[in-house]
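**Student:**
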Amino acid sequence: MVNYPNGKRNTSKALVTTTNNHSKIEYGKRGMRFEEAIDLANQYYLKHNIAVIHKKPTPIQIVDVDYPKRSRAVIKEAYFRKASTTDYNGVYRGKYIDFEAKATQNKTSFPLINIHDHQVQHMQQVSEHGAICFILFYFSFHDEVFLLPIEPFLKYWDMYKNAEKKSIPMSEIKKYGYHVEKKYQPRIDYLKVIDHIYFNELN
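Just so you know, we're using the working numbering here: the sequence shown kicks off at 2 and counts up by one.
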């Protein structure tokens with residue numbers, strides 16, 4: 002049990018995507034979880050010397066350990082030493098990248114309660130210092146991934162904090178974000194979208 006304690010953007014939507022028949026990203030044992038797909042993409046980027054991006058480790062304080070066998074130790078209870086910030090960070094084309102990955106089974110919107118104040122504060126701070134900062138949203142029902150830069154996201158976050166909105170409609174994420182096409186390798190090629198937004202490249 003674990004207890005929880007400036008590059009200028011290109012706003013054009015002329016990003017070329019392709020239709021494919023690749024299997025759906027799933028939560029079950031037979032499929033691939035969303036973050037696992039991102040991890041594999043990052044491994045691909047690293048192997049091909051494209052970018053260095055890793056999932057952030059979160060230090061934990063182990064409280065209770067069970068030893069059912071001499072060769073194995075099972076952590077029964079642990080605490081995060083501090084609240085985590087975002088899921089991933091790294092360097093791409095000389096720019097610092099920092100982003101969060103969120104998945105939902107909702108059909109029409111993403112509930113903002115699933116994002117925390119300290120995460121948004123961190124993203125806003127690194128963005129103000131010139132980082133490329135965004136959120137990857139995965140809508141499992143539609144099997145679609147979108148990249149939403151931090152700037153338009155903050156507008157919805159402000160409305161959420163003012164009790165004006167409880168979620169971001171998928172239609173709005175489509176409008177202000179960018180579709181991430183799924184391909185063979187890497188499965189979720191989100192850096193292609195970054196090339197388009199921040200480096201004005203279509204390919």
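Glycine is no exception: its CB is placed at the ideal position from the N, C-alpha and C atoms.
1) Please confirm if the stretch 91-108 is in contact with the stretch 122-132, defined as three or more CB-CB distances below 8 Å between the two stretches.
2) Tell me which residue opens and which closes the beta strand (DSSP E) that ASP99 is part of.
3) Relative to the C-alpha of GLY131, which residue among ILE151, ASP190, TYR46 is closest?
4) What are the boundary residues of the beta strand (DSSP E) that includes PHE142?
5) So for HIS197, helix, strand or coil by DSSP?
6) From HIS180 to VAL75, what does the alpha carbon distance come to, in whole angstroms?
7) Could you give the distance in angstroms between the alpha-carbon of LEU148 and the alpha-carbon of TYR46?
8) How big is the Cα-Cα spacing for VAL92 and ASN43?
9) Cα-Cα, which of ILE189, LYS184, LYS166, GLU101 is closest to VAL121?
10) Could you tell me the alpha carbon to alpha carbon distance between ASN163 and HIS123, rounded to whole angstroms?
11) How big is the Cα-Cα spacing for HIS55 and LYS184?
12) State the DSSP-derived secondary structure class of HIS55, mapped to helix, strand or coil.
13) Looking at the unbroken alpha helix (DSSP H) that takes in ILE205, where does it start and where does it end?
**Tutor:** This is what the structure holds:
1) yes
2) Position 98 of the sequence shown, counted from the start, is the residue given in the question as residue 99. First-last of the beta strand (DSSP E) with ASP99: 96-105.
3) As a working mapping, residue 131 is identified with position 130 in the sequence shown. It is ILE151.
4) Within the sequence shown, numbered from 1, the residue matching residue 142 stands at position 141. Taken as a continuous stretch (DSSP letters only), PHE142 belongs to no beta strand (DSSP E), as it is neither H nor E.
5) On the sequence shown, position 196 is the one that residue 197 refers to. If DSSP states are grouped into helix, strand and coil, HIS197 belongs with the helices.
6) Start at 1 with the first residue of the sequence shown, and residue 180 comes out as number 179. Start at 1 with the first residue of the sequence shown, and residue 75 comes out as number 74. One C-alpha to the other measures close to 41 Å.
7) On the sequence shown, position 147 is the one that residue 148 refers to. On the sequence shown, position 45 is the one that residue 46 refers to. C-alpha separation (whole angstroms): 18 Å.
8) Here the question's residue 92 lines up with position 91 in the sequence shown. Here the question's residue 43 lines up with position 42 in the sequence shown. One C-alpha to the other measures close to 11 Å.
9) Reading the sequence shown from its first residue, position 120 is the one you call residue 121. Nearest of ILE189, LYS184, LYS166, GLU101 to VAL121, Cα basis: GLU101.
10) Indexing the sequence shown from 1 puts residue 163 at position 162. Indexing the sequence shown from 1 puts residue 123 at position 122. So the two alpha carbons sit approximately 19 Å from each other.
11) Working through the sequence shown from its first residue, we reach residue 55 at position 54. Working through the sequence shown from its first residue, we reach residue 184 at position 183. One C-alpha to the other measures close to 20 Å.
12) Sequence index remark: in the sequence shown, residue 55 carries index 54 (1-based). Here HIS55 sits in strand by DSSP.
13) Residue numbering for the chain in the displayed model covers 2 to 204; residue 205 lies beyond these limits and cannot be assessed.
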